[in-house]
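*Asks:*
In the UniProt record's numbering, the protein residues as written are 1 to 288.
1) Whole-angstrom Cβ separation of residue 208 and residue 184, contact assumed at under 8 Å?
2) From the DSSP output, in three-state form, read off residue 5 for me.
3) Could you say if the region 237–246 and the region 212–221 meet the contact criterion of at least three C-beta pairs nearer than 8 Å?
4) Please determine, among 83, 66, 65, the residue with the shortest C-alpha to C-alpha distance to residue 73.
5) Can you have a look at residue 36 and say buried or exposed, based on whether 16 or more other CB atoms are within 10 angstroms of its CB?
6) Note the first and the last residue of the continuous beta strand (DSSP E) segment covering residue 228.
7) Looking only at DSSP bridge pairs, what is residue 259 linked to?
8) Going straight from the alpha carbon of residue 211 to that of residue 67, what length do you get?
9) Find the nearest neighbour of residue 89 within the set 15, 144, 240, 110, judged by alpha-carbon distance.
10) Looking at the unbroken alpha helix (DSSP H) that takes in residue 195, where does it start and where does it end?
11) Where do the ends of the alpha helix (DSSP H) carrying residue 175 lie?
12) On the CB-based measure, 16 or more other CB atoms within 10 Å of its CB, does residue 240 come out buried or exposed?
13) Can you tell me whether residue 107 is helix, strand or coil according to DSSP?
14) Among 113, 122, 125, 135, which one has its Cα closest to the Cα of residue 103?
15) Mapping DSSP to helix, strand and coil, what is residue 22?
16) What does the alpha-carbon distance come out to for the pair residue 197 and residue 226?
17) Spatial neighbours of residue 323 within its chain, please: CB distance less than 7 Å, with the 5 preceding and 5 following residues excluded, ordered by chain position.
18) Is it true that the CB of residue 222 sits closer than 8 Å to the CB of residue 236?
19) Have a look at residue 263 and residue 20 and give me their C-alpha separation to the nearest angstrom.
20) For residue 199 and residue 60, I'd like the C-alpha separation in whole angstroms.
21) Can you give me the Cβ contacts of residue 163 inside the same chain, cut-off strictly under 8 Å, excluding the 5 residues immediately before and after it?
22) Taking only the alpha-carbon atoms, compute the straight-line gap between residue 287 and residue 258 and give it to the nearest angstrom.
Here it is in structure tokens:
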């Protein structure tokens, strides 16, 4: 396992972690000032400053990317299919322009939540079939652009509204069906917040291997959790045993960044950006 204690060169900041403190330009500047070498931006943050200025800011700061958030949200009414296709292709193009190593996919849940305006449904199996069809359709476009797709399984509490792919096993089954040659075009983003509870977690990480393990995200699970979306913990403040998970991820041959992704309405989004980044660096060196 890599030694993180001496520096933070393997730390990446998911820009959602400080989204309330400044726009993407301010986040890029702060990361460069703190010696953080990589970020993973969100599409709405890029859109707010403009794609070309975002590309220029990242390049001028000398930052790498650990991913780009996000594509997906595939389920919807048939009338929405062209919009789903076009939106995801734009996400691929943006990720490529920014130099991201992968586009993270949050696949969507039931149609009425993934694509508002769709007819209400309780058919989770049909939603999962739409997800598979959507990834299949996007994969050819992404391959041509040289942009790997990383399916991010989300905790089962999000199965209805955000992602009906909820375990690494489900995500890897999709990968095996859609990319049986393990070409590197399709893999997973492993976020500890969503998968820490899985009794088969370490086995599925090993199954992913270097070809499928495209991104690794860290934060912590608080007890109690006050909000299921917006109350993630800073690493070390919760109950996730982080080091064994990272050891398993790195045993696959994964050599990428450890990406800090924290949504924290009541805590970390209310603190100064510099304080948040300094804490991320300290916890990266001690508990990640």
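Glycine included, every Cβ here is placed at the ideal spot set by N, Cα and C.
*Replies:* Put simply:
1) Between residue 184 and residue 208 the Cβ distance is about 12 Å, and since that is not below 8 Å, they are no contact.
2) coil
3) yes
4) 83
5) So residue 36 ends up on the buried side.
6) That residue, residue 228, is in no beta strand (DSSP E); it is neither H nor E in DSSP.
7) 12, 217
8) 15 Å
9) 144
10) Its alpha helix (DSSP H) spans residues 192–195.
11) 168–178
12) It is buried - the Cβ of residue 240 has at least 16 other Cβ atoms within 10 Å.
13) coil
14) 135
15) coil
16) 18 Å
17) Residue 323 falls outside the range modelled here, since the chain spans only 1 to 288, and no answer is possible.
18) no
19) 10 Å
20) Approximately 44 Å, taken between the alpha carbons.
21) 72, 106, 107, 108, 109, 152, 153, 154
22) 12 Å
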